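Asker: Numbering (my numbering), first residue to last: 12 to 249. Sharing a structure here in structure tokens format.
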Ligand SMILES: [Mg+2]
């Protein structure tokens, strides 16, 4: 049994660990589809959604590993989708930028959290220094903390945007320790992404908790010290 008694600092991932990205993003995507009249090109909403989702996923994988820039990611995911649904009467790049701005603004105004997330933060702050470590964008992530009412629980919001390095690369974990004055041996990372959160943190010498929202095979996540299916389980560990 692992000893957690020396833990002083907790870093939590934001998207799909605390703030429910999967659910909030469904609402925001539907919002831009309606707002920009995209039914004209893709009467079937699900088709638009699936093209976007697959492209977005592919681009985030590249972004995680530093292979593309943020500006390319945010424009290309909608530019590609527009092209696929047959929009050809305008500057696709410009239109995509406009849609993405609205998407991110609307998305970050939504405040749905994962079940148990607020209660977990409430509990953790009584015992630890609690921080966020996220690959999301600065202005967007800060708005999410505010719209979901959890900003006051968070000591430091540490972002890849601040240091130019994304999880799972070691540099962002070193940067996070420096920013907060923490040490690897007494720090734990909680996150839903096995590569970015768990493997990245483990490589940096941190303790790790995998929040298994995406149903990874428990036998195939060796770098997770603990795997939990519900956030409330973390209260009996830390
Ligand atoms: Mg996440």
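Using N, Cα and C, we set each Cβ at its ideal position, and we do this for glycine too. Everything numeric in this text was worked out from a predicted model, so none of it was measured.
Within 8 Å, do at least three Cβ pairs link the segment 92 to 106 to the segment 116 to 134?
Answerer: In short, these stretches do not touch, since the Cβ pair count stays below three.
Asker: Can the beta-carbon of residue 28 be found closer than 9 Å to that of residue 198?
Answerer: The answer is no: Cβ separation not under 9 Å.
Asker: Determine the DSSP secondary structure at residue 135, reduced to helix, strand or coil.
Answerer: Helix at residue 135.
Asker: Could you tell me whether the segment 34 to 52 touches the segment 104 to 114, where touching means 3 or more Cβ pairs closer than 8 Å?
Answerer: These segments touch.
Asker: Compare the C-alpha of residue 165 against each of 108, 46, 176 and 153 and name the closest.
Answerer: Out of 108, 46, 176 and 153, 153 has the C-alpha closest to the C-alpha of residue 165.
Asker: Tell me the residue span of the beta strand (DSSP E) that contains residue 145.
Answerer: Run containing residue 145: 140 to 145, per the beta strand (DSSP E) assignment.
Asker: Measuring straight from C-alpha to C-alpha, what distance separates residue 231 and residue 102?
Answerer: Cα to Cα, the separation comes out at about 45 Å.
Asker: With contact counted as at least three CB pairs below 8 Å, one residue from each stretch, are the segment 204 to 221 and the segment 235 to 245 in contact?
Answerer: The segment 204 to 221, when compared against the segment 235 to 245, does touch it at the 8 Å Cβ threshold.
Asker: Does the beta carbon of residue 32 fall short of 8 Å from some heavy atom of ligand 1?
Answerer: Indeed, a heavy atom of ligand 1 lies less than 8 Å from the Cβ.
Asker: Under 8 Å: does the beta carbon of residue 204 sit that close to some heavy atom of ligand 1?
Answerer: Yes, Cβ of residue 204 sits closer than 8 Å to a heavy atom of ligand 1.
Asker: Considering only their Cβ atoms, is the gap separating residue 202 from residue 227 smaller than 9 Å?
Answerer: No, these two residues do not count as a Cβ contact at 9 Å.
Asker: Using only the heavy atoms of ligand 3, determine whether one of them is closer than 8 Å to the beta carbon of residue 124.
Answerer: Although ligand 3 was asked about, the structure shown includes only ligand 1 as ligands.
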